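Inspection log for the structure reproduced underneath, given as structure tokens.
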Amino acid sequence: MADCVRLRYVIDGENFTSAGEASVKVKRSLRQMGFSPEVIRKVSVAMYEGEINMVIHARGGVATVDVYEDRIVIVLEDEGPGIPDIPLAMQAGYSTAPDNIRSLGFGAGMGLPNMKKYTDDMKIESVVGKGTTITMTVNV
Amino acid sequence: MNQKELQAGACDSPVTHSVTLDTEKCKGCTTCIKHCPTEAIRVRNSRAVIENARCIDCGECIRVCSYKAKKATYDKLEDFSSYRYKIALPAPALYGQFDELTETDCLLTALLECGFDEVFEVASAAELVSEYTRKYIEDNPDAPRPIISSACPVIVRLIGVRYPLLCDHILPVLSPMEIAARIARSEAVKKHPELSDSDICVLFISPCPAKVSYVRSPIGTPESAVTGVLSIGDFYFKLRSKMREIKEPSVQARSGIIGISWASSGGEASALFNDKYLAADGIENVIKVLDEIDNGNIRNIEFVELNACSGGCVGGVLNIENPYIAKARIQTLRKYLPVSLNRMDKNPFSEYEFESEINCDYVVKLSDDRHEAMRKMALIEELSGQLPQLDCGSCGAPTCRALAEDIVNGRASKDDCVIIIKEKLAEYYRKNSSAFKGKETVKKDDAESGGKV
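Respectively, the protein sequence lines represent chains A and B.
Going left to right, the first sequence walks through residues 1 to 140 as my numbering numbers them.
Going left to right, the second sequence walks through residues 1001 to 1453 as my numbering numbers them.
Encoded structure:
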């Protein structure tokens, strides 16, 4: 029996039109493992927001989803510019997204707040100029 | 049904589907497996096999098959000769099939003369559904938005199979066909008190085979009031010639612009008099829209009309005419018609709400047991990494990922992958090259000796 199933996705930062695809794949896999709709929705929203952030701000990255029976741990790692002021970035409505992205409806400044809202635990580790790692846990 | 035609994927689900395979015509190509929106088809032993639990009756495989090996099944009028009273329920799409049609009375009269005792337009019941929907949107501000139409049975099954989270978005009202059948039955009994319900058969004149499956396993009700489903195509020539002979139509049409407009995409949604709607048609477009709704990306939309066929019901595989031509004809036909001829006050609507839950079964679930499902998922991930990711379909599964799932579910083996088996053969040949050389010499000797004799 597997204690943990690891799902890994490379988020392509060059291609904005494919942003959000990893979230769809995670959703499909979680459905196949029979998780409840509520859990799947939480994971897919958190994952979607994180994925979009990585594409907008960090030229992509890697998403690792570790599925345990009692929890799902999402780790998003990028080598982007880093977040200088995390509490400011966590404020609803605060955004540094460029205008061309806003025209698609992104950049409302709800990415990080939504990730926190939809998960049971969230940790941000960020070094300016090096990159950001976000670890989120959804309890099953 | 012809003996050669086997009910595809005969016994893995209680739902009987409307697609059959002519095994002699099927070449085992990969066209259908690539186009199936629920990955329900595999090629096994050079023949397509449909997994019943996943099939949603969309008809894509019928449309794309180059060898015409996939066929829709439907009933024939002759099958119902034992009934005392036959009622025809023409679909709104029927009105778009004929080029010289200027009003529907003549068409409905011709249909009656094809061997029916009564004609009841599904378009009139559609007008009731439109009125119900307007009221439902107003009375249920807390119902999850957007509300999704329940009229196309393929869409409801697709949501059940692929989007279980969206089941509570589905408009809980029976389809216009089902409502038409119920009203037609009760009117017939009133008109002819000597008849009992079992004397009456109600036959839908259908643009699409999905309605055949609907009647066998209905949506929102345990039992359908429709007895059988006939094909528009089967009546086309008969109706054409009969219409020419009719001088004085004996049937008067009972539907207006709203009812007739249901034939094509956007007709149902535009009848809501609310501009916050979206209408999508064609299974691929529908899936994109459902993905967006599922991701919570569709906001400020009250109602979503989805049709599995391109163009809406006029795009069903049992029609004769091109869907866009049919749509244009319906636009002409509805001109000068009253907006609507059917009102809810005559028919108490609670009778037509869903009586049973929609079947939202996760057919994609690997196992009911979480341990087992996780074990399988770990294996699928591992196997996927070993497969070539070409998604060529040569193994009989639509994608490498689908093959990995089939292997883990015990339905295929890794050697079904042509790339893997080719590598294995090359490896085997390399290892045993000396033995092959030896054998070749033996063969050569044999041949030479054979030649000498």
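The beta-carbon is built from N, C-alpha and C at its ideal position, and this holds for glycine as well.
It should be emphasised that the depicted structure is a prediction, and the values quoted were computed from it without experimental measurement.
Give a yes or no on whether 7 Å exceeds the smallest Cβ distance from residue i to chain A.
i: B/Leu1387; result: no
i: B/Leu1366; result: yes
i: B/Arg1042; result: no
i: B/Arg1370; result: yes
i: B/Ser1018; result: no
I'd like the list of long-range same chain contacts for residue i, defined as Cβ closer than 7 Å, with 5 residues on each side in sequence excluded.
i: B/Lys1211; result: Pro1153, Met1177, Phe1204 and Val1229
i: B/Val1161; result: Thr1038, Arg1054, Ile1056 and Val1363
i: A/Val5; result: Val67
i: B/Ile1246; result: Cys1106, Thr1109 and Ala1110
i: A/Lys27; result: Ile40 and Ser44
i: B/Lys1068; result: Lys1025
i: B/Leu1413; result: In the sequence on display, residue 1413 of chain B carries Ser and not Leu. Cβ within range, chain order: Ile1407.
i: A/Val10; result: Val62
i: B/Gly1096; result: Ala1263, Val1314, Glu1321, Ala1326, Lys1327, Arg1329 and Ile1330
i: B/Gly1311; result: Ser1264, Ser1265, Asp1281, Pro1323, Tyr1324 and Lys1327
i: B/Val1339; result: Gly1256, Ile1257 and Ile1258
Give me the chain D residues within the contact set of residue i, using Cβ-Cβ distance strictly less than 9 Å, ordered along the chain.
i: A/Leu7; result: In summary, chain D is missing from the structure at hand, where the protein chains are A and B.
Taking residue i as the query, report the chain A residues whose CB atoms sit under 8 Å from its CB, ordered along the chain.
i: B/Ala1373; result: Gln32, Met33 and Gly34
i: B/Arg1343; result: Those do not exist, as B/Arg1343 stays about 38 Å from chain A at its closest Cβ, beyond 8 Å.
Taking Cβ-Cβ distances shorter than 9 Å, what residues in chain B pair up with residue i?
i: A/Ser18; result: What A/Ser18 touches in chain B: nothing, since even the nearest Cβ is about 13 Å away.
i: A/Val24; result: Asp1291, Asp1294 and Asn1295
i: A/Val45; result: Asn1295 and Gly1296
When the cut-off is 7 Å and only beta carbons count, does residue i lie next to chain B?
i: A/Pro37; result: yes
i: A/Val138; result: no
i: A/Ile11; result: no
Spatial neighbours of residue i within its chain, please: CB distance less than 8 Å, with the 5 preceding and 5 following residues excluded, ordered by chain position.
i: B/Ile1298; result: Pro1146, Leu1278, Val1289, Glu1292 and Val1304
i: B/Leu1101; result: Tyr1095, Leu1107, Met1243, Arg1329 and Leu1333
Just the chain B side, please: which residues come within less than 7 Å of residue i by C-beta, in chain order?
i: A/Thr41; result: Sequence check: residue 41 of chain A is Arg here, not Thr. Leu1165, listed in chain order.
My assumption, with CB atoms under 8 Å, is that residue i sits in contact with residue j. Please give the rounded CB distance.
i: B/Pro1144; j: B/Ser1356; result: No, B/Pro1144 and B/Ser1356 are not in contact; Cβ-Cβ is about 20 Å, not under 8 Å.
i: B/Asn1295; j: B/Lys1276; result: At roughly 19 Å, the Cβ-Cβ gap does not stay under 8 Å, so B/Asn1295 and B/Lys1276 are not in contact.
i: B/Ser1206; j: B/Ala1091; result: 6 Å
i: A/Asp76; j: A/Gly50; result: Asp is not the amino acid found at residue 76 of chain A; the sequence shown has Leu there. The pair is a contact, with the Cβ atoms about 4 Å apart (cut-off 8 Å).
i: B/Thr1133; j: B/Leu1171; result: 6 Å
i: B/Gly1259; j: B/Ala1040; result: Not quite, the Cβ-Cβ distance comes to about 33 Å (not below 8 Å), so this is no contact.
i: A/Met54; j: A/Ser23; result: The pair is not a contact, with the Cβ atoms about 11 Å apart (cut-off 8 Å).
i: B/Ala1180; j: B/Glu1268; result: That belief does not hold up - the Cβ atoms of B/Ala1180 and B/Glu1268 are roughly 15 Å apart, past 8 Å.
Once the 5 residues before and after residue i are set aside, which same chain residues still bring their CB inside 6 Å of it?
i: A/Ala58; result: Asp78 and Gly80
i: B/Asn1409; result: none
i: B/Gly1233; result: Leu1318 and Ile1320
Practice prompt. Compile a chain-ordered list of the residues in the region 1139 to 1165 of chain B whose CB is closer than 9 Å to at least one CB of chain A.
Written response: Per Cβ criterion, the list reads Arg1162, Pro1164 and Leu1165.
Practice prompt. Would you list, in chain order, the members of the region 79 to 97 of chain A that have their beta-carbon closer than 7 Å to a beta-carbon of chain B?
Written response: The region 79 to 97 of chain A vs chain B, Cβ under 7 Å: nothing.
Item to complete: Note down, in chain order, all residues in the region 47 to 79 of chain A with a beta-carbon under 7 Å from any beta-carbon belonging to chain B.
Response: Within the region 47 to 79 of chain A, the residues whose Cβ lies closer than 7 Å to some Cβ of chain B are Tyr48, Val67 and Glu69, listed in chain order.
Worksheet item: If contact means a Cβ-Cβ distance below 9 Å, which residues of the region 1276 to 1295 of chain B contact chain A?
Response: Taken in chain order, the members of the region 1276 to 1295 of chain B whose beta-carbon sits within less than 9 Å of a beta-carbon on chain A are Asp1291, Asp1294 and Asn1295.
Fill in: Contact set between the region 1410 to 1427 of chain B and chain A, restricted to residues whose Cβ is under 7 Å from the partner
Cβ contacts with chain A come from no residue of the region 1410 to 1427 of chain B.
Worksheet entry | Residues of the region 112 to 126 of chain A whose Cβ lies closer than 9 Å to any Cβ of chain B, in chain order | If the cut-off is 9 Å between Cβ atoms, the region 112 to 126 of chain A has nothing near chain B.
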